[in-house]
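To start, the structure itself, in structure tokens.
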Amino acid sequence: MMATTELGTLSLSGTKKGVISISNVSEPYGKGTEDIVSIGISLNGKDIEWKSHIPYANLDDVIKILQEASEAKKKEEEQ
């Protein structure tokens, strides 16, 4: 049975009320399916407008790419 556990939330930059919520979802696609990380974006702080589901098997690679993107953006802004 699918179950969602909130792992954390943070303010969404550039909005007044927006939040990014990160959750673990157990059995997201039915009985026996592997847990995923769900990243939701809410512009009003309540209703999720966008959502990404990332399998834990892909999480380290996604984090690596996001860190590289962050570093590249910081270097770009320094110029």
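Per our numbering, the sequence shown starts with residue 53, numbered consecutively.
Where is the CB? At the ideal position from N, CA and C, for every residue including glycine.
#1: Are Ile74 and Leu64 touching if we call contact CB-CB under 8 Å?
#2: Taking a contact to mean a Cβ-Cβ separation below 8 Å, would you say Val77 touches Thr61 in this structure?
#3: Specify, as a first and last residue, the run of the alpha helix (DSSP H) that Ile117 falls within.
#4: Would you mind sorting Ile115 into buried or exposed? The rule is 16 or more other CB atoms within 10 Å of its CB.
#5: If I follow the unbroken beta strand (DSSP E) through Ile93, where does it start and stop?
Reading from the atomic positions:
#1: Counting from 1 along the sequence shown, the entry for residue 74 is found at position 22. Counting from 1 along the sequence shown, the entry for residue 64 is found at position 12. In terms of Cβ geometry, Ile74 and Leu64 do not form a close pair [threshold 8 Å].
#2: Numbered from its first residue, the sequence shown carries residue 77 at position 25. Numbered from its first residue, the sequence shown carries residue 61 at position 9. Not a contact, by the Cβ cut-off of 8 Å.
#3: Taking the sequence shown and counting its residues from 1, one reaches residue 117 at position 65. Start and end: Tyr108 to Glu130.
#4: Taking the first residue of the sequence shown as position 1, residue 115 is located at position 63. Label assigned to Ile115: exposed.
#5: Along the sequence shown, read from residue 1 onward, the residue named residue 93 stands at position 41. For Ile93, the enclosing beta strand (DSSP E) starts and ends at Ile88 to Ser94.
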